[in-house]
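Below: one structure, written as structure tokens.
Here it is as structure tokens:
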């Protein structure tokens with residue numbers, strides 16, 4: 001866990017942190033889907049929209065678990081990473097307009113693994129019983145997501161010969 | 176009587192529905208995120224913010240935001256922004272630019288905006304290349320960067336925007352890296368809060384024409400010393416650093432230029448009299 005990662009000293013803190021992680025993940029996958037749409041990589045649009053939808057469902061589940069408590073407002077106060085990004089944020093800098101479903105799933109796997117590591121560490125350091133209980137649930141959930149990414153990667157192996165050779169929109173550098 | 180308090184804006188509330196056409200992987204996506212996070216942190220509503228730009232990839236920012244926006248003439252964003260801030264001091268005015276727009280075509284405006292010290296925040300996304308027009312050397316391109324347009328490199332000493340800003344009178348100078356949007360947002364917040372002309376240089380990779388800049392993420396590091404209020408000392412530091420020191424480097428204390436504004440003319444006859452010789 002990075003030095004500036006938020007700490008969960010109560011159940012509502014953990015709700016807020018888990019919520020913010022999912023909000024950030026939705027934002028990143030939506031941005032990536034939009035990028036692929038603008039660059040006509042239509043296969044990837046669906047992949048990233050599905051990932052955003054899945055993270056959105058998790059976000060909504062966390063809100064439901066918190067009941068009437070205003071998770072979003074609490075997240076603005078406690079779920080903040082001042083120097084780095086929240087663990088499940090996909091790496092926008094790694095995107096490429098010719099990326100393949102395999103690349104996208106590798107990106108998602110890396111994000112899920114970071115989230116799993118984050119919640120594992122949080123669980124290891126949790127003192128409050130309720131926090132420990134929810135952290136354990138989140139670890140189990142993220143473990144499932146990592147396993148799902150591995151299964152999907154088997155279904156979408158890297159394309160033979162790497163990225164498509166015929167670039168429909170090559171950078172026409174004067175270099 | 177009941178009073179309603181407007182809910183705090185989330186970063187997403189500052190985004191428009193227009194989808195960016197930047198190349199996937201471009202650093203400018205992160206800068207856009209940093210802007211929205213900074214505005215949310217500052218607690219300003221979209222209608223209290225004006226984002227002004229010139230021409231280039233980075234200058235597309237106003238279209239992607241839900242604030243007032245002015246996508247202006249190449250290199251003239253600072254002139255527009257200064258005029259806007261002077262007549263509408265209630266607005267928070269932020270300028271988005273790139274190294275071509277800001278240091279070449281707009282180089283002269285840059286000097287005088289620093290000197291004039293109007294209360295603006297100037298964010299320049301520097302990728303050391305003209306990306307939108309397909310890869311020509313810009314004022315910050317390394318002298319040995321080899322292209323067909325400049326075989327063997329330009330051989331010219333790159334423009335040093337931070338030193339120029341300090342020498343010209345900018346009141347706040349910082350360097351950020353797009354790959355750290357949280358940190359960049361924090362710097363933008365500080366820049367906006369600091370009175371006068373605040374200049375934030377953001378190293379923002381062009382992954383299409385400068386794929387080598389993907390390695391910047393491994394080169395950037397926090398500045399080893401805190402910001403100073405001594406412009407000469409700050410200039411010496413940035414002239415001798417490796418170009419990858421991040422953070423607030425200078426906080427000046429000059430009062431901003433804020434001339435009194437006259438009464439707005441709303442009567443047509445009175446306006447007509449203004450034109451009489």
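Protein chains in written order, with my numbering: chain D, 1 to 175; chain R, 176 to 452. In this text, a Cβ means the ideal position worked out from N, Cα and C, and glycines have one as well. This one's a predicted model, so the numbers in the text were calculated from it and none came from an experiment.
Chain-ordered chain D contacts of residue i [CB-CB under 8 Å]
| i | result |
| --- | --- |
| residue 389/R | 93 |
| residue 428/R | Going along chain D, no residue has its Cβ under 8 Å from residue 428/R, so there is no contact; the nearest lies around 26 Å. |
| residue 159/R | As shown, chain R starts at 176 and ends at 452. That puts residue 159/R outside it, with no answer to give. |
| residue 204/R | 31, 35 and 92 |
Closer than 7 Å: residue i CB and nearest the ligand COA heavy atom
| i | result |
| --- | --- |
| residue 362/R | What this structure holds is no ligand at all, so the ligand COA is not there to describe. |
Residue range of the unbroken beta strand (DSSP E) whose run includes residue i
| i | result |
| --- | --- |
| residue 458/R | Residue 458/R cannot be examined here, being either before or after the span of chain R that is shown, 176 to 452. |
| residue 233/R | Residue 233/R -> no beta strand (DSSP E), and no H or E assigned at all. |
| residue 112/D | Residue 112/D -> not in any beta strand (DSSP E); alpha helix (DSSP H) instead, spanning 101-125. |
| residue 374/R | 373-378 |
Residue i versus residue j - alpha carbon distance
| i | j | result |
| --- | --- | --- |
| residue 194/R | residue 297/R | 23 Å |
| residue 60/D | residue 4/D | 26 Å |
| residue 225/R | residue 243/R | 4 Å |
| residue 117/D | residue 396/R | 25 Å |
| residue 175/D | residue 440/R | The predicted model places residue 175/D with a pLDDT of 47, which falls under 50 and marks its position as unreliable; any figure quoted below should be read in that light. Their Cα atoms are separated by approximately 54 Å. |
| residue 377/R | residue 305/R | 15 Å |
| residue 185/R | residue 321/R | 44 Å |
| residue 176/R | residue 123/D | Because the pLDDT of residue 176/R is 49, which lies under 50, any placement of that residue in the model is unreliable, and the question is left without a value. |
| residue 344/R | residue 289/R | 5 Å |
| residue 82/D | residue 442/R | 51 Å |
| residue 295/R | residue 325/R | 35 Å |
| residue 279/R | residue 250/R | 8 Å |
| residue 78/D | residue 146/D | 26 Å |
| residue 421/R | residue 68/D | 42 Å |
| residue 318/R | residue 157/D | 42 Å |
| residue 142/R | residue 8/D | Any property of residue 142/R remains undetermined from this structure, which presents chain R solely from 176 to 452. |
| residue 339/R | residue 247/R | 23 Å |
| residue 266/R | residue 435/R | 16 Å |
| residue 84/D | residue 6/D | 11 Å |
| residue 189/R | residue 451/R | 44 Å |
| residue 415/R | residue 333/R | 14 Å |
| residue 130/D | residue 80/D | 21 Å |
| residue 257/R | residue 191/R | 24 Å |
| residue 405/R | residue 330/R | 32 Å |
| residue 429/R | residue 56/D | 47 Å |
| residue 32/D | residue 110/D | 15 Å |
| residue 233/R | residue 143/D | 39 Å |
Unbroken alpha helix (DSSP H) run spanning residue i, endpoints
| i | result |
| --- | --- |
| residue 48/D | 42-66 |
| residue 144/D | 129-155 |
| residue 193/R | Counting along the chain, residue 193/R falls outside any alpha helix (DSSP H), and DSSP gives it neither H nor E. |
| residue 13/D | 11-38 |
| residue 266/R | Looking at the DSSP string, residue 266/R is not in any alpha helix (DSSP H), and its letter there is neither H nor E. |
| residue 241/R | Element bounds for residue 241/R: n/a, residue is neither H nor E. |
| residue 295/R | That residue, residue 295/R, is in no alpha helix (DSSP H); it is neither H nor E in DSSP. |
Inter-residue CB distance, residue i and residue j (contact presumed, cutoff 8 Å)
| i | j | result |
| --- | --- | --- |
| residue 359/R | residue 206/R | 7 Å |
| residue 389/R | residue 399/R | Not a contact, Cβ separation roughly 25 Å. |
| residue 126/D | residue 135/D | 5 Å |
| residue 284/R | residue 253/R | 4 Å |
| residue 424/R | residue 337/R | 7 Å |
| residue 371/R | residue 427/R | 7 Å |
| residue 153/D | residue 105/D | 5 Å |
| residue 63/D | residue 112/D | Wrong, their Cβ atoms sit about 21 Å apart, outside the cutoff. |
| residue 292/R | residue 182/R | Residue 292/R to residue 182/R, Cβ: 35 Å. No contact. |
| residue 219/R | residue 228/R | In fact, because the Cβ distance is near 18 Å, the residues do not count as touching under 8 Å. |
| residue 58/D | residue 16/D | With a Cβ gap of about 14 Å, residue 58/D and residue 16/D do not count as contacting. |
| residue 402/R | residue 341/R | 12 Å between Cβ atoms; not a contact. |
Closer than 9 Å at the beta carbon, the chain D residues around residue i
| i | result |
| --- | --- |
| residue 438/R | In chain order: nothing, as chain D lies at least about 41 Å away. |
| residue 210/R | Residues of chain D passing the Cβ test: none, with the nearest at roughly 14 Å. |
| residue 162/R | Not covered by the structure: residue 162/R. The range shown for chain R is 176 to 452. |
| residue 183/R | 73 and 76 |
| residue 328/R | Within chain D, no residue comes near residue 328/R; the closest Cβ sits about 11 Å away, beyond 9 Å. |
| residue 392/R | 93 |
Contact set between residue i and chain R, taken where Cβ atoms lie within less than 7 Å
| i | result |
| --- | --- |
| residue 97/D | 198 and 199 |
| residue 142/D | Result: empty, since nearest Cβ-Cβ is about 22 Å, beyond 7 Å. |
Residues that residue i contacts on chain R, provided the C-beta gap is smaller than 9 Å
| i | result |
| --- | --- |
| residue 34/D | 194 and 195 |
| residue 38/D | 194, 195, 196, 197 and 199 |
Beta carbon proximity, residue i to chain B, threshold 8 Å
| i | result |
| --- | --- |
| residue 365/R | This model lacks chain B altogether, as its protein chains are D and R. |
Neighbouring residues, chain D, relative to residue i (Cβ below 7 Å)
| i | result |
| --- | --- |
| residue 361/R | 82 |
Would you call the stretch 80-95 of chain D and the stretch 22-35 of chain D in contact, with 3 or more CB pairs under 8 Å? yes
Check whether the stretch 96-110 of chain D and the stretch 40-52 of chain D are in contact - that is, three or more C-beta pairs closer than 8 Å. yes
Are at least three pairs of beta-carbons, each pair with one atom in the stretch 272-280 of chain R and one in the stretch 351-367 of chain R, less than 8 Å apart? no
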